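Numbering (the working numbering), first residue to last: 16 to 170.
1. Does DSSP put residue 142 in a helix, in a strand, or in coil?
2. Rounded to whole angstroms, what is the Cα-Cα separation between residue 7 and residue 60?
3. What is the residue span of the alpha helix (DSSP H) that residue 46 lies within?
4. Distance check for residue 127 and residue 84, CA to CA, integer angstroms please.
5. Does the structure place the segment 100-110 close enough to the segment 21-30 that three or more beta carbon pairs sit under 8 Å?
6. Take residue 44 as the anchor and find which of 64, 121, 30, 96 has the nearest alpha-carbon.
7. Would you check if there are 3 or more beta carbon pairs closer than 8 Å linking the segment 36-43 to the segment 83-97?
8. Who does residue 66 pair with in a DSSP beta bridge?
9. Taking the continuous alpha helix (DSSP H) assigned at residue 96, which residues delimit it?
10. Give me the residue from 144, 119, 28 with the minimum Cα distance to residue 94.
11. Residue range of the alpha helix (DSSP H) that residue 88 falls in?
12. Tell me where the beta strand (DSSP E) around residue 38 begins and ends.
13. From the DSSP output, which residues share a beta bridge with residue 106?
14. Have a look at 35, 133, 132, 81 and flag the residue whose alpha-carbon is nearest the alpha-carbon of residue 110.
15. Where DSSP assigns a beta bridge to residue 118, which residues make up the other side?
16. Could you check if residue 124 is buried or exposed, using at least 16 other CB atoms within 10 Å of its CB as the buried criterion?
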């Protein structure tokens, strides 16, 4: 199963001064014409996604919707990957790593994995975790691959 989600970051000062904006309509988003504040008919592109999160939504809400279910499946032997992609300064690191006051997807996932393992008294687990961050001038990605197996499942 693959799910595609977007977290819309707050506009910076330049974008605000130029009237740049995105309109979110349920699970669709499109650019707004700065002059009319209506959908931009020149671009007329509507992006349909599984989930769209506004700048006001917390990382915890995003985690609960996009990642928590994967962690539940993970401790039952399914591999999971969480993948963040976007332009420089689009908020990937903030969402994935977080801050001391608002932990990101990675620390929440790690905490939940170990919590679920502690609750599983009758199983033994082998954890394999990979974290990769690739950067170039225009975009970056961060991927976290989690593989949890009970020793009996190992080949």
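Note that the Cβ used here is the ideal one computed from N, Cα and C, for glycine as well. These figures come from a predicted structure and were not determined experimentally.
Let me spell this out:
1. strand
2. Any property of residue 7 remains undetermined from this structure, which presents the chain solely from 16 to 170.
3. Careful: residue 46 lies outside any alpha helix (DSSP H), inside the beta strand (DSSP E) at 43-46.
4. 11 Å
5. yes
6. 64
7. no
8. 20
9. Taken as a continuous stretch (DSSP letters only), residue 96 belongs to no alpha helix (DSSP H), being part of the beta strand (DSSP E) at 95-102.
10. 144
11. 83-89
12. 37-40
13. BP columns for residue 106 are empty, so no partner.
14. 81
15. 113
16. buried
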